[in-house]
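I have placed the structure first, in the form of structure tokens, so that the comments after it can refer back to it.
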């Protein structure tokens, strides 16, 4: 338990940020999930449309330190590669 006033304030700030970050993480994961579902169903157009929404979500999450920058880039790369495979 925090003792000093600054530590108490820090715990309040952390609690607020945690709620915001959870929301953003959920939103990002949902965007990625729609792309994965479109890929699984084999619908290339839907996958491309979902990817247009998911890529900025991932990169913004990386900018906001919700996930690591390399993690976001890797996810984008792998999803793009899977979508490219659908064209064949």
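Residue numbers (the numbering used here): 64 to 151.
Each residue gets a CB set at the ideal place from its N, CA and C atoms; glycine is no exception.
Within a Cβ cutoff of 6 Å, which residues of the same chain sit near residue i, ignoring the five residues on either side of it in sequence?
{"i": "residue 117", "result": "94, 95, 98"}
{"i": "residue 113", "result": "97, 98, 101"}
{"i": "residue 77", "result": "none"}
{"i": "residue 138", "result": "121"}
If you drop the 5 nearest sequence neighbours on each side, which residues of the same chain put their C-beta closer than 8 Å to that of residue i?
{"i": "residue 65", "result": "71, 73, 74"}
So, for residue i: in the same chain, excluding its five sequence neighbours on each side, which residues have a beta-carbon less than 7 Å away from its beta-carbon?
{"i": "residue 149", "result": "102, 105, 107, 110"}
{"i": "residue 146", "result": "102, 107, 110, 111, 114"}
{"i": "residue 87", "result": "124, 127, 129"}
The stretch 101 to 112 / the stretch 133 to 141 touching (three or more Cβ pairs under 8 Å): no
Complete runs of the alpha helix (DSSP H) confined to the stretch 67 to 121 [at least 4 residues]: Taking only runs of at least 4 residues, the alpha helix (DSSP H) segments lying wholly in the stretch 67 to 121 are 68 to 104.
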